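Chemist: Quick one: this structure, given as structure tokens, is what I'll be asking you about.
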Amino acid sequence: PLNNRIHFLNAPELVPISHSEEHLMLRAEKGNSYKVGDILYGVPFHICPTVALHETLAVVENNRLVGSWNVVARKRKISV
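Next up, the structure:
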């Protein structure tokens with residue numbers, strides 16, 4: 427269900443209205459102050475293949491970039 431996709435730490439009032447693997451559309455109440463480019467901190471419930479599209483992940487603590495993690499799944503090999 428759409429309401430079980432992500433929790434925004436700094437914008438819990440946003441409501442998901444559409445979602446595909448890599449894109450999420452949100453609804454905000456009229457009169458909101460959101461602008462294109464605003465940063466939202468979200469905790470996803472499911473990340474499956476989307477993470478493997480990127481070499482690294484940004485690690486954020488207390489609204490500050492503190493490091494990065496390599497995505498190990500991106501470099502896996504299947505051997506038969």
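In the numbering used here, the protein residues as written are 427 to 506.
Where a beta carbon is used, it is the ideal one built from N, C-alpha and C, also for glycine.
The structure presented is a predicted model; accordingly, all values stated were derived computationally and were not measured.
My assumption, with CB atoms under 8 angstroms, is that ILE432 sits in contact with VAL469. Please give the rounded CB distance.
Modeler: One-based indexing of the sequence shown puts residue 432 at position 6. One-based indexing of the sequence shown puts residue 469 at position 43. So it is a contact: roughly 7 angstroms between Cβ atoms.
Chemist: In terms of alpha-carbon separation, which member of ASN489, LEU466 and LYS456 lies closest to PRO438?
Modeler: Along the sequence shown, one-based indexing puts residue 438 at 12. Checking every option, the nearest Cα to that of PRO438 belongs to LEU466.
Chemist: At the level of alpha carbons, what is the spacing between VAL485 and LEU479?
Modeler: Looking up residue 485 in the sequence shown gives position 59. Looking up residue 479 in the sequence shown gives position 53. Near 17 angstroms, if we compare the C-alpha coordinates of LEU479 and VAL485.
Chemist: For the beta strand (DSSP E) that contains ASN436, what are its first and last residues?
Modeler: Reading the sequence shown from its first residue, position 10 is the one you call residue 436. Neither: ASN436 is in no beta strand (DSSP E) and is coded neither H nor E.
Chemist: Is LEU450 helix, strand or coil by DSSP?
Modeler: By 1-based counting over the sequence shown, the position of residue 450 is 24. Three-state DSSP puts LEU450 in a strand.
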